[in-house]
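A.B. asks: Position 81 (the sequence shown) corresponds to 81 in the UniProt record's numbering; numbering is contiguous. Virtual Cβ for every residue (Gly too), placed ideally from N, Cα, C.
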Amino acid sequence: MTRRGTPASGAAVGVLFERHRDRLRRYLTGRVGPTHADDLLSEVFLAACRRWSSFDPDRGSELAWLFGIATTAIRSHARDEARHLRRILALSADRPQAGGADESGDRVDAQRRIRRLLPDLKLLDPIDRDILLLIAWAGLSPAEVALSLDLPAATIRSRLHRARRRLRRVDATHDLEPEPSEGGTR
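(1) Among Arg59, Arg165, Leu24, whose alpha-carbon lies nearest the alpha-carbon of Val44?
(2) Answer with buried or exposed for His84, where buried requires no fewer than 16 other C-beta atoms within 10 angstroms of its C-beta.
(3) Determine the direct distance from the alpha carbon of Val32 to that of Lys122, and round the result to whole angstroms.
(4) Please state whether the Cβ-Cβ distance between residue 203 and Ile156 is less than 9 Å.
(5) Is the beta carbon of Ile127 sitting closer than 9 Å to the one on Leu149?
(6) Sorted by chain position, which residues of the same chain lie with C-beta nearer than 7 Å to Arg21's C-beta, five sequence neighbours on each side aside?
(7) Report the CB separation of Tyr27 from Phe67 in whole angstroms; it is logged as a contact under 8 Å.
(8) Tell me which residues share the same chain as residue 194 and place their Cβ nearer than 6 Å to its Cβ, disregarding the 5 neighbours each side in the sequence.
(9) Is it true that the CB of Val15 sits closer than 9 Å to the CB of Trp52?
(10) Residues in the same chain with beta-carbon distance under 6 Å from Leu63, minus the five sequence neighbours each way, listed in chain order, please.
(11) Do you know offhand how far Trp65's Cα is from Pro34's?
(12) Keeping to the same chain, check which residues put their C-beta closer than 6 Å to that of Phe17; ignore five residues upstream and five downstream.
(13) Let me know if Arg59 comes out buried or exposed under the rule of 16 or more other beta-carbons within 10 Å of its beta-carbon.
(14) If you measure between the beta carbons of Ala47 and Ala73, is that distance less than 9 Å?
(15) Could you compute how far the alpha carbon of Arg129 sits from the alpha carbon of Thr71?
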């Protein structure tokens, strides 16, 4: 790699990519899963091109510099996804109620549980989370989800079962904790 202040050349970025892509991709896959790893890998190298002149070999290796960029990309991805999940939750709370009082009470209870579980949704594999949200919030059937994600229906059912089981375990631990009361004791 070149010294600080030198503009990026396509050949130099290509060499850097060939040299470090596999190691960076393994790291990204471990952090965000295979679904998002390639997108973030592209972002890392685009950012490296933009910040090329900021690399200072006296401060560390090019690999350490790239891992720093990758970590920043992961944090940004996590913030964007958390923000997106909060928006989805807010939109689901604004949906009109379809049924009677019993269904309305069930929906309020479900929304309360979703709010409690929202931080735990990000622990799911991204595809499992997509499947769960497409069924729970978009109201799609497993067959429709299979079509929308271009996966076999059996895979959708299996992954949905696994995601629900994991969230039930997490929800059970939440049930052991007292829920904050609004305006006094319960």
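C.D. replies: Reading from the atomic positions:
(1) Leu24
(2) exposed
(3) 10 Å
(4) This structure does not reach residue 203, given that the chain is present from 1 up to 186, and the question cannot be answered.
(5) yes
(6) Leu41
(7) 7 Å
(8) Shown here, the chain extends from 1 to 186; a query on residue 194 therefore has no answer.
(9) no
(10) His20
(11) 22 Å
(12) Phe45
(13) exposed
(14) yes
(15) 22 Å
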